[in-house]
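For the sequence shown, the residue numbers in the UniProt record's numbering are 3 to 463.
Ideal Cβ positions, reconstructed from N, Cα and C, are used throughout, including at glycine.
On a predicted model such as this, the values are computed, not experimentally measured, just so you know.
Just below is one structure, and these are the notes that go with it.
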Amino acid sequence: DPVILWFRRDLRLSDQAALLAACADGLVVPVYVLDDDAPGDHAIGGAARWWLHHSLFSLDGDLRAKGSRVILRRGNAVEQIAKLAKDVGARRVHALHHYEPWWRDAEAAIADRIDLVLHDGNYLAPPGSVTTGAGEPYKIYTPFWKALGERMPPAEPHNAPREIPVPTSWPGSDDLADWDLLPTKPDWATGFGEDWTPGEAGARTRVADFIDEAADYDEARNLPSQEGSSRLSPHLHWGEISPAYVWHRIAAAGRGKTGVNTFLKEVAWRDYAQNVILQFGDYASRNARDRFDPMKWRTGKTADADFAAWTQGRTGYPIVDAGMRQLWTTGWMHNRVRMIAASFLVKHLLIDWRRGERWFWDCLVDADYANNAVNWQWVAGTGIDSNMFVRIMAPLSQSWKFAAGDYIRQWVPELAALDDDAIHDPHEAGCAPRDYPAKRVEHRAARERALAAYAQMKAAS
Ligand code: FAD
Numbered sequence: 003d004p005v006i007l008w009f010r011r012d013l014r015l016s017d018q019a020a021l022l023a024a025c026a027d028g029l030v031v032p033v034y035v036l037d038d039d040a041p042g043d044h045a046i047g048g049a050a051r052w053w054l055h056h057s058l059f060s061l062d063g064d065l066r067a068k069g070s071r072v073i074l075r076r077g078n079a080v081e082q083i084a085k086l087a088k089d090v091g092a093r094r095v096h097a098l099h100h101y102e103p104w105w106r107d108a109e110a111a112i113a114d115r116i117d118l119v120l121h122d123g124n125y126l127a128p129p130g131s132v133t134t135g136a137g138e139p140y141k142i143y144t145p146f147w148k149a150l151g152e153r154m155p156p157a158e159p160h161n162a163p164r165e166i167p168v169p170t171s172w173p174g175s176d177d178l179a180d181w182d183l184l185p186t187k188p189d190w191a192t193g194f195g196e197d198w199t200p201g202e203a204g205a206r207t208r209v210a211d212f213i214d215e216a217a218d219y220d221e222a223r224n225l226p227s228q229e230g231s232s233r234l235s236p237h238l239h240w241g242e243i244s245p246a247y248v249w250h251r252i253a254a255a256g257r258g259k260t261g262v263n264t265f266l267k268e269v270a271w272r273d274y275a276q277n278v279i280l281q282f283g284d285y286a287s288r289n290a291r292d293r294f295d296p297m298k299w300r301t302g303k304t305a306d307a308d309f310a311a312w313t314q315g316r317t318g319y320p321i322v323d324a325g326m327r328q329l330w331t332t333g334w335m336h337n338r339v340r341m342i343a344a345s346f347l348v349k350h351l352l353i354d355w356r357r358g359e360r361w362f363w364d365c366l367v368d369a370d371y372a373n374n375a376v377n378w379q380w381v382a383g384t385g386i387d388s389n390m391f392v393r394i395m396a397p398l399s400q401s402w403k404f405a406a407g408d409y410i411r412q413w414v415p416e417l418a419a420l421d422d423d424a425i426h427d428p429h430e431a432g433c434a435p436r437d438y439p440a441k442r443v444e445h446r447a448a449r450e451r452a453l454a455a456y457a458q459m460k461a462a463s
């Protein structure tokens, strides 16, 4: 009998528990449904659509090499899965668990209509399974990591099945090109292809390339001018590789080495973020600390102009501008710079973190509901586990401290001729070229404004 294999953010054949179970259960009909309605304002963003196009193309190729293929359907996922099951006479659906609020709703609705078997495997440990002694989920990262660490390593990853049983005839499929996932006018993604190879093979190459660098990760990861981190985030987001595979390959490179330990601890942030959205479903739309609800974020024309300048990388703060332009050009931004740029929006420009979250959502190839919202709320101070709002990051000293000179020269070409003494704050050094924008706001004034707004909010709550 046919069974459906429902792909979502798990676009791989290796260590894919749903695929293995489907192969053991019947003739496998793999399907991907593009559902732009259920996620509401978190429908897949522009940069992520570019990635998805290439990843689906790659997945289909990998399946075809085994005589199978991926069926593409568009529309309400619940309806489409139910319809496909009826069309092919499938009695069961296999899928990996997903924890975004809209996917949990869809899973419940599908399970009402057909036998849906959900498998684990996109996280180091099933989200929700790491609990305190009292059986409560963790809210704070550090104790979460301690408890998760005790359960590591994860199970050894499985290889891809050698054979995939295929149905006697294939149901109809959309044409990937008709989905228009790639940008056209203008094609802002021309630079993406130079940096990225979406798909399972590309993900494995990325892991292999990082193995030798993992030992130095501890320090190198904080320096935007170096390629010190793994750049696995889009591959992990799209599930082109399992975290168990990443864990075992990198741990084999030297579990005792500080760099390797720090790296594995970062990968665990991904698990932590899922645990957070499992407890607080609308994490991208609501302050986890609701005492921030009365906060008077700036709105109106000047705030909008500041927001636009931030998105375009024209704030007059080189490190922020470099990050925002890297984001636009490549669909990715260095983690340290994500923190600096996000903090600048929320505290220096006093603009609601949710506007920044949405911009990142649209621009990142690794845009991930949990990781993005958890990190934005961490930076903003509104999160369940966060930095304190009153600890205001100074972007210019951060730029110095993490030696971002070469990074700025790469992404802000107007400043390319400046030396290390001047490049972090060319206005202060009196050598800002004429085509480089003035500072949207002075650091000290911005700091005072943010602290005043915070004090006012506290008085109001
Ligand atoms: P590495 O340093 O090599 O880390 C390895 C993996 O661990 C990453 O690929 C990622 O899967 C995970 N990881 C690392 N740091 C974090 C973290 N802080 N939170 C959650 N997972 C982490 N990451 C996303 O994957 N998607 C997002 O939408 C996203 N939005 C962010 C927004 C803001 C404001 C900030 C400050 C951070 C955000 N991050 C997000 C986290 C982090 O910046 C990226 O995961 C990291 O920069 C990806 O680069 P890498 O793969 O080289 O990371």
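Check whether residue i and residue j have beta carbons under 8 Å apart
i, j, result
"Val381", "Asn389", "yes"
"Glu158", "Ser16", "no"
"Ala216", "Gly261", "yes"
"Trp240", "Arg76", "no"
"Arg272", "Asn373", "yes"
"Pro188", "Gly48", "no"
"Gly258", "His429", "no"
"Arg208", "Leu234", "yes"
"Asn124", "Leu98", "yes"
"His96", "His56", "no"
"Ala344", "Trp378", "yes"
"Thr170", "Ala290", "no"
"Val367", "Ile342", "no"
"Asp387", "Ile142", "yes"
"Tyr371", "Ile279", "yes"
"Leu183", "Trp334", "no"
Cβ-heavy atom distance, residue i to the ligand FAD, below 7 Å
i, result
"Glu215", "no"
"Ala369", "yes"
"His44", "no"
"His250", "no"
"Arg11", "no"
"Phe346", "no"
"residue 1", "Outside the displayed range of the chain (3 to 463) lies residue 1, so it cannot be described from this structure."
"Met390", "no"
"Glu268", "yes"
"Ala275", "yes"
"Arg14", "no"
"Phe282", "no"
"Trp378", "yes"
"Arg223", "yes"
"Met341", "yes"
Identity of the residue in the options nearest residue i by Cα
i, options, result
"Asp12", "Leu329, Phe265, Ala205, Glu229", "Ala205"
"Val339", "Ser131, Asn224, Asp177", "Asn224"
"Ala457", "Arg293, Glu444, His429", "Arg293"
"Ala222", "His336, Arg300, His96", "His336"
"Lys460", "Val414, Leu118, Val322, Asp295", "Asp295"
"Tyr34", "Tyr247, Asp176, Ala50, Trp53", "Asp176"
"Phe9", "His100, Thr144, Thr133, Gly69", "His100"
"His445", "Asp220, Val132, His350", "His350"
Supposed contact pair residue j and residue i - C-beta distance, whole angstroms, cut 8 Å
i, j, result
"Leu61", "Pro167", "Not quite, the Cβ-Cβ distance comes to about 18 Å (not below 8 Å), so this is no contact."
"Leu352", "Ala286", "Wrong, their Cβ atoms sit about 20 Å apart, outside the cutoff."
"Asp423", "Ala434", "Rounded, the Cβ-Cβ distance is 13 Å, inconsistent with contact."
Backbone CA spacing between residue i and residue j [nearest angstrom]
i, j, result
"Arg14", "Pro163", "11 Å"
"Gly195", "His44", "24 Å"
"Phe282", "Asp408", "40 Å"
"Gly137", "Pro129", "13 Å"
"Ala462", "Met297", "9 Å"
"Pro320", "Glu229", "19 Å"
"Thr313", "Ala396", "19 Å"
"Ala440", "Ala311", "11 Å"
"Tyr438", "Pro415", "10 Å"
"Ala113", "Ala92", "14 Å"
"Asp39", "Val72", "22 Å"
"Ala111", "Val269", "31 Å"
"Leu118", "Ala108", "11 Å"
"Trp104", "Pro41", "5 Å"
"Ala254", "Gln18", "21 Å"
"Gly325", "Ala24", "43 Å"
"Gly358", "Asp308", "12 Å"
"Trp172", "Arg360", "38 Å"
"Ile394", "Ala149", "31 Å"
"Gly63", "Lys85", "25 Å"
Residue i at chain B interface by Cβ criterion, 8 Å
i, result
"Val348", "Included in the structure is just one protein chain, with no chain B present."
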